[in-house]
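The sequence shown lines up with residues 1 to 288 when you count with the UniProt record's numbering.
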Amino acid sequence: MSTVSTQASVLRVLRVVVIVALVVATVVPFLYMLSLSFVRIDDLLREPLRVLPALERITTETYAEVLRSEEDGGYGFARFMRNSAIVAVSASALTVALVVPASYAMTRLRFAGRTQVSWLFLAVYLFPTIIIAVPVFVGFQVLGLGSSLVGLVIAYIALTVPVSVHMLRNYLAGFPESIDEAAVIDGASRFQILTRITVPLALPTIMSTALYSFMIAWNEFLFALLFLSAKQDLWTVSLGLTRLADGQEVSKTVLMAGSVLLTVPIVILYGVAERALTEGLTAGADKG
Numbered sequence: 001m002s003t004v005s006t007q008a009s010v011l012r013v014l015r016v017v018v019i020v021a022l023v024v025a026t027v028v029p030f031l032y033m034l035s036l037s038f039v040r041i042d043d044l045l046r047e048p049l050r051v052l053p054a055l056e057r058i059t060t061e062t063y064a065e066v067l068r069s070e071e072d073g074g075y076g077f078a079r080f081m082r083n084s085a086i087v088a089v090s091a092s093a094l095t096v097a098l099v100v101p102a103s104y105a106m107t108r109l110r111f112a113g114r115t116q117v118s119w120l121f122l123a124v125y126l127f128p129t130i131i132i133a134v135p136v137f138v139g140f141q142v143l144g145l146g147s148s149l150v151g152l153v154i155a156y157i158a159l160t161v162p163v164s165v166h167m168l169r170n171y172l173a174g175f176p177e178s179i180d181e182a183a184v185i186d187g188a189s190r191f192q193i194l195t196r197i198t199v200p201l202a203l204p205t206i207m208s209t210a211l212y213s214f215m216i217a218w219n220e221f222l223f224a225l226l227f228l229s230a231k232q233d234l235w236t237v238s239l240g241l242t243r244l245a246d247g248q249e250v251s252k253t254v255l256m257a258g259s260v261l262l263t264v265p266i267v268i269l270y271g272v273a274e275r276a277l278t279e280g281l282t283a284g285a286d287k288g
């Protein structure tokens with residue numbers, strides 16, 4: 001066997017080993033967390049290392065307790081998830097609405113300082129988030145938005161727009177300008193080119209941008225803590241989960257149920273979006 005064939009075989013084996021290791025490292029902890037969320041604390045203390053609970057031991061009491069309102073003896077996660085959904089959906093929708101025309105303008109319009117403006121969008125990430133968070137919070141307090149979901153949504157938009165513009169701008173830059181020129185010859189306006197040509201062609205990347213914004217807004221903790229710590233009825237699910245983690249009398253099974261409620265929506269959304277992204281890319285390839 002030649003040296004090249006030996007190296008190729010070794011690389012194939014290493015590739016399989018790495019993939020299996022990554023799958024085990026990510027899937028097993030999630031499965032363990034999921035299984036713990038469906039057992040009673042007594043069963044967990046009896047068999048703490050059991051990954052898959054017996055069918056007769058499975059219960060949904062932990063989820064019912066986590067989702068119930070505090071007035072009914074629960075932890076109010078239904079309200080927290082509703083707040084997170086409002087914030088995440090609003091932030092991702094508004095981010096896309098701002099990013100699409102901004103990215104199109106930076107790739108198609110000619111204006112002074114276009115390159116400098118493009119790099120300024122990323123300059124904010126040269127600084128730690130805490131340095132940006134505190135001045136933003138103080139400014140929003142002056143404007144009367146410091147303790148509201150509206151203020152939090154605006155903060156998330158400011159947090160995600162720079163990277164989103166950079167992502168979409170690079171994608172749009174790969175489109176030949178002859179497409180726009182042909183549309184102009186046919187009498188299309190800039191707005192029509194953007195909505196009828198650019199957006200359909202860039203839909204997979206636009207969906208990726210929306211998913212990125214949603215994930216940031218759903219999981220983010222620092223801004224949520226600064227903006228909403230004084231108003232528990234406006235807490236997001238990340239703040240609610242921290243409360244469970246810090247609680248001395250909260251069982252680990254309840255904590256795992258809260259963790260699942262934080263994680264599963266993102267997993268489901270990513271699975272749905274990944275399928276849509278693949279279909280969009282395939283459709284684009286068929287048309288080409």
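By construction, the Cβ of each residue, glycine as well, lies at the ideal position given by its N, Cα and C atoms. Remember, it's a predicted structure, so these values are computed and weren't measured experimentally.
Measure the CB-CB distance between residue 65 and residue 74 and report whether it falls below 7 Å. yes
Backbone secondary structure at residue 218 - three-state DSSP: helix
Kindly provide the ranges of any alpha helix (DSSP H) runs that are 4 or more residues long and lie completely inside the region 138 to 162, ordered along the chain. DSSP assignment within the region 138 to 162 yields no whole alpha helix (DSSP H) run of 4 residues or more.
By a C-beta neighbour count over all protein chains shown, 10 Å radius and 16 as the cutoff for buried, is residue 196 buried or exposed? exposed
Which of the three DSSP states, helix, strand or coil, is assigned to residue 252? Correct three-state label for residue 252: helix.
Residue 177 burial status per 10 Å Cβ neighbour count (16 or more: buried): exposed
Hey, could you find the ends of the alpha helix (DSSP H) residue 107 is sitting in? Start and end: 77 to 108.
I need the DSSP call for residue 127, collapsed to helix, strand or coil. coil
Are the region 81 to 90 and the region 170 to 186 touching by the rule of at least three beta carbon pairs closer than 8 Å? Output reads no: the region 170 to 186 does not touch the region 81 to 90.
Which whole-angstrom value describes the C-beta separation of residue 291 and residue 205, a residue pair presumed to lie in contact below a C-beta threshold of 8 Å? Look at the range of the chain in this structure, 1 to 288, and you will see that residue 291 is not part of it.
Tell me whether residue 187 sits in a helix, a strand or coil according to DSSP, three-state version. In this structure, residue 187 counts as coil in the three-state DSSP scheme.
For residue 263 versus residue 44, is the C-beta spacing smaller than 7 Å? no
In the structure shown, what three-state DSSP assignment does residue 74 receive? coil
Beta-carbon separation (whole angstroms), residue 146 vs residue 227, contact threshold 8 Å: 6 Å
Cβ atoms of residue 87 and residue 164: under 7 Å apart, would you say? no
By the 10 Å Cβ neighbour count, where 16 or more other Cβ atoms means buried, how is residue 274 classified, buried or exposed? Residue environment analysis places residue 274 among the exposed positions, since fewer than 16 neighbouring C-beta atoms fall within 10 angstroms of its C-beta.
Where does residue 181 sit, in a helix, a strand or coil, going by DSSP? Correct three-state label for residue 181: helix.
If we ignore side chains and look at the alpha-carbon of each, how far apart do residue 129 and residue 225 end up? 13 Å
Please classify residue 180 as buried or exposed, where buried requires at least 16 other C-beta atoms within 10 Å of its C-beta. buried
If I follow the unbroken alpha helix (DSSP H) through residue 59, where does it start and stop? Residue 59 -> no alpha helix (DSSP H), and no H or E assigned at all.
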